[in-house]
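Comments concern the structure below.
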Amino acid sequence: MLLTHYLEFIEEGLHSTSEFPGGAVTVTSGRFRVYDVLYGFIELSRDEARLIDTSVFQRLRRIKQLSLANLVYPGAEHTRFAHSLGVYWLASRVVSRLVESGFVDEDEAALFRIAALLHDIGHLPYSHAIEFYYHLKFRERISDKFKFHEKLSHTMILLCDELREVIVSLGYDPKEVVALLTGTHRDIKLTSLISSDLDVDRLDYLPRDAHHTGVAYGLIDRERILDTLTVLDDGRIAIDEKGIQAVESFYVARLHMYQAVYYHKTISGYELYLAKIYEELVEYDPELNLLASPQGLEKVIKDSTISIIDDYWLYSKMLQAVKDNYAPKQVKKRIQNLLSRKGPKTVYNVSLFTHDPKCIKDAKHVVDVLVDCGVEEDSILVLETTIKFLGSEDEIVYVKTRAEDIIPITEASQLISNLPRYYYVERVYVEREYADKALKCIKKVTHKTYQKI
Numbered sequence: 013m014l015l016t017h018y019l020e021f022i023e024e025g026l027h028s029t030s031e032f033p034g035g036a037v038t039v040t041s042g043r044f045r046v047y048d049v050l051y052g053f054i055e056l057s058r059d060e061a062r063l064i065d066t067s068v069f070q071r072l073r074r075i076k077q078l079s080l081a082n083l084v085y086p087g088a089e090h091t092r093f094a095h096s097l098g099v100y101w102l103a104s105r106v107v108s109r110l111v112e113s114g115f116v117d118e119d120e121a122a123l124f125r126i127a128a129l130l131h132d133i134g135h136l137p138y139s140h141a142i143e144f145y146y147h148l149k150f151r152e153r154i155s156d157k158f159k160f161h162e163k164l165s166h167t168m169i170l171l172c173d174e175l176r177e178v179i180v181s182l183g184y185d186p187k188e189v190v191a192l193l194t195g196t197h198r199d200i201k202l203t204s205l206i207s208s209d210l211d212v213d214r215l216d217y218l219p220r221d222a223h224h225t226g227v228a229y230g231l232i233d234r235e236r237i238l239d240t241l242t243v244l245d246d247g248r249i250a251i252d253e254k255g256i257q258a259v260e261s262f263y264v265a266r267l268h269m270y271q272a273v274y275y276h277k278t279i280s281g282y283e284l285y286l287a288k289i290y291e292e293l294v295e296y297d298p299e300l301n302l303l304a305s306p307q308g309l310e311k312v313i314k315d316s317t318i319s320i321i322d323d324y325w326l327y328s329k330m331l332q333a334v335k336d337n338y339a340p341k342q343v344k345k346r347i348q349n350l351l352s353r354k355g356p357k358t359v360y361n362v363s364l365f366t367h368d369p370k371c372i373k374d375a376k377h378v379v380d381v382l383v384d385c386g387v388e389e390d391s392i393l394v395l396e397t398t399i400k401f402l403g404s405e406d407e408i409v410y411v412k413t414r415a416e417d418i419i420p421i422t423e424a425s426q427l428i429s430n431l432p433r434y435y436y437v438e439r440v441y442v443e444r445e446y447a448d449k450a451l452k453c454i455k456k457v458t459h460k461t462y463q464k465i
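Under our numbering, the residues of the sequence shown are numbered 13 to 465, in order.
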């Protein structure tokens with residue numbers, strides 16, 4: 013068993029504890045309890061432990077949750093594995109209450125827990141950093157609704173034999189798990205708990221990321237939210253009126269975490285830099301080149317080769333390139349810059365909260381100016397994105413008032429109604445040797461916000 017180095021299986025009725033990095037695992041009465049930094053003991057059934065025991069799930073131990081954020085926040089070393097267990101725990105808490113109230117049955121609850129456990133199974137090395145590359149590569153194949161790792165998660169659940177065999181042996185159809193994750197399941201009552209404004213995914217990663225980065229912005233009143241959270245008959249998420257303040261803190265925490273962590277200018281710059289390095293490695297390394305096509309990705313998923321494709325794997329690829337006399341000099345230089353924390357510098361930075369998603373877009377103009385000034389176009393990196401903070405009618409949280417009325421949270425909370433709907437980020441980075449020249453050029457031709465070095 014792949015899990016045996018931290019899970020010692022004990023027969024029914026016996027009890028044991030074994031230490032492993034990050035806590036302890038207790039096995040009692042055939043169930044497993046894993047110690048988590050946020051929640052204490054997380055209990056799993058034998059069947060759920062079998063999913064965790066697969067090589068593709070164990071892979072998540074070796075993929076950082078926040079990619080390269082540890083270059084700014086050294087404590088950000090936590091993994092997709094811990095996050096997935098955390099989402100599972102929250103899903104179990106919520107769905108147990110729904111079972112007790114008769115809203116869902118045990119079979120639906122078990123399916124929901126499986127979906128929660130596997131929701132991030134498709135993350136590739138360095139998580140969102142590599143997604144920059146794949147979103148450009150496969151932009152015509154990826155819908156606006158799903159991110160690349162979400163689409164890959166769905167593909168893995170359907171095609172990975174190792175995962176499929178366990179899911180089927182538990183009495184479930186992998187297609188049902190995917191339908192729950194995509195919001196297309198015939199029983200819509202639970203889909204919003206996995207994907208909505210206030211879902212178990214966000215309820216875990218905000219406080220978890222805040223804890224490991226050391227910032228205080230992601231702290232939320234989780235217990236109050238869990239105690240007041242429910243699902244309406246039509247599948248919409250709702251809270252009791254007494255939970256409004258806790259949900260307000262949740263929305264405000266999201267705003268601050270996106271600004272301070274997820275789109276921190278230095279972190280984003282290094283993620284773009286790694287994506288560029290990855291793009292260059294794809295042209296040089298045959299194994300990476302295989303992953304640049306949908307057919308190649310399907311192949312490594314079907315034969316479970318993806319179980320070794322993690323942060324360490326890509327890191328080793330970068331080290332090999334540095335040592336290889338035949339590797340392109342430019343990619344060698346960039347890898348050495350990344351490993352030495354000598355990444356790109358921000359020369360143009362607009363980041364603002366707004367109600368209007370159609371912000372003025374000047375990045376292309378800035379790039380043209382830089383190229384005209386003699387900055388190598390290949391050394392320029394551009395980030396342009398709009399993050400939506402309040403969802404559509406299907407995604408937004410609703411409030412169940414004392415009078416039993418159901419109203420949107422934006423009507424129940426003046427604070428939330430006044431929050432900006434979007435966070436807009438537009439940045440231009442250049443490699444360090446061009447930073448001074450780039451700033452001088454930008455100052456001459458634009459009065460827009462720019463970032464001093």
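Glycine included, each C-beta is placed from N, C-alpha and C at the ideal position.
These numbers were taken from a predicted model, which means no experiment stands behind them.
Check                                                                                                               : Outcome
Residue environment, valine 409, which counts as buried when at least 16 other CB atoms sit within 10 Å             : buried
Whole-angstrom distance between alanine 375 and valine 394, CA atom to CA atom                                      : 7 Å
C-beta contact flag for serine 363 and tyrosine 275 at 8 Å                                                          : yes
Where glutamine 342 falls, given that 16 or more other Cβ within 10 Å makes a residue buried                        : exposed
Where tyrosine 446 falls: helix, strand or coil (DSSP)                                                              : helix
Opening and closing residue of the beta strand (DSSP E) in which proline 420 lies                                   : 418-420
The ligand FMN heavy atom lying under 7 Å from the CB of valine 273                                                 : The ligand content of the structure shown is nil, which means the ligand FMN is not present either.
Delimiting residues of the beta strand (DSSP E) encompassing alanine 250                                            : 249-252
Start and end residues, alpha helix (DSSP H) containing lysine 335                                                  : 323-335
For threonine 278, the three-state DSSP class (helix, strand or coil)                                               : helix
Where tyrosine 324 falls, given that 16 or more other Cβ within 10 Å makes a residue buried                         : exposed
Contacting residues, own chain, Cβ-Cβ under 7 Å from isoleucine 347 (five flanking each side not counted)           : Ile289, Met330, Ala333 and Val334
Spatial distance of glutamate 235 from glutamate 310 (CA atoms)                                                     : 40 Å
Whole-angstrom distance between lysine 201 and glutamate 295, CA atom to CA atom                                    : 45 Å
Beta-carbon separation (whole angstroms), isoleucine 279 vs valine 259, contact threshold 8 Å                       : Actually they are not in contact, since the Cβ atoms of isoleucine 279 and valine 259 sit about 27 Å apart, beyond 8 Å.
Alpha-carbon spacing of glycine 98 relative to phenylalanine 69, whole angstroms                                    : 14 Å
Check whether valine 190 and isoleucine 169 have beta carbons under 8 Å apart                                       : yes
Local conformation of glycine 35 per DSSP, three classes                                                            : A caution first: glycine 35 carries a pLDDT of 43, below 50, which makes its placement in the model too unreliable to give a value.
Local conformation of phenylalanine 262 per DSSP, three classes                                                     : helix
Proximity to aspartate 384 [Cα-Cα], best of Val457, Ala415 and Ile320                                               : Val457
DSSP beta-bridge partners of leucine 364                                                                            : Tyr436
Span separating the alpha-carbon of valine 116 from that of leucine 293                                             : 48 Å
Coil, strand or helix - threonine 413 by DSSP                                                                       : coil
Reduced DSSP category for tyrosine 396 - H, G, I as helix; E, B as strand; rest coil                                : Position check: residue 396 holds glutamate in this sequence, whereas tyrosine was assumed. The answer is strand: DSSP assigns glutamate 396 an E or B state.
CB contact flag (tyrosine 5, threonine 398, <8 Å)                                                                   : An answer regarding residue 5 cannot be provided, because it is not within the stretch 13 to 465 covered by the chain.
Endpoints, the alpha helix (DSSP H) within which glycine 500 is located                                             : Because the chain in this structure spans residues 13 to 465, residue 500 falls outside the shown range and cannot be described.
Whole-angstrom distance between arginine 266 and leucine 402, CA atom to CA atom                                    : 11 Å
Contact between the stretch 312-321 and the stretch 168-188 (3+ Cβ pairs under 8 Å)                                 : yes
Leucine 78 to aspartate 221 span [Cα, whole Å]                                                                      : 8 Å
Integer-rounded CB distance, given that isoleucine 256 should sit under 8 Å from alanine 415                        : In fact, because the Cβ distance is near 15 Å, the residues do not count as touching under 8 Å.
Distance between beta carbons of serine 391 and glutamate 443, contact taken as under 8 Å                           : 4 Å
Histidine 223 versus glycine 230: straight-line alpha-carbon distance, rounded                                      : 8 Å
Beta-ladder partner(s) of glutamate 55, from DSSP                                                                   : Arg45
Same chain, Cβ closer than 6 Å to threonine 242, neighbours up to 5 away in sequence not counted                    : Ala250
Own chain partners of lysine 344 with C-beta closer than 7 Å, once the 5 adjacent residues on each side are dropped : Ala333 and Val334
Chain B contact for lysine 344 (CB, 8 Å cutoff)                                                                     : No chain B appears in this structure, which consists of one protein chain only.
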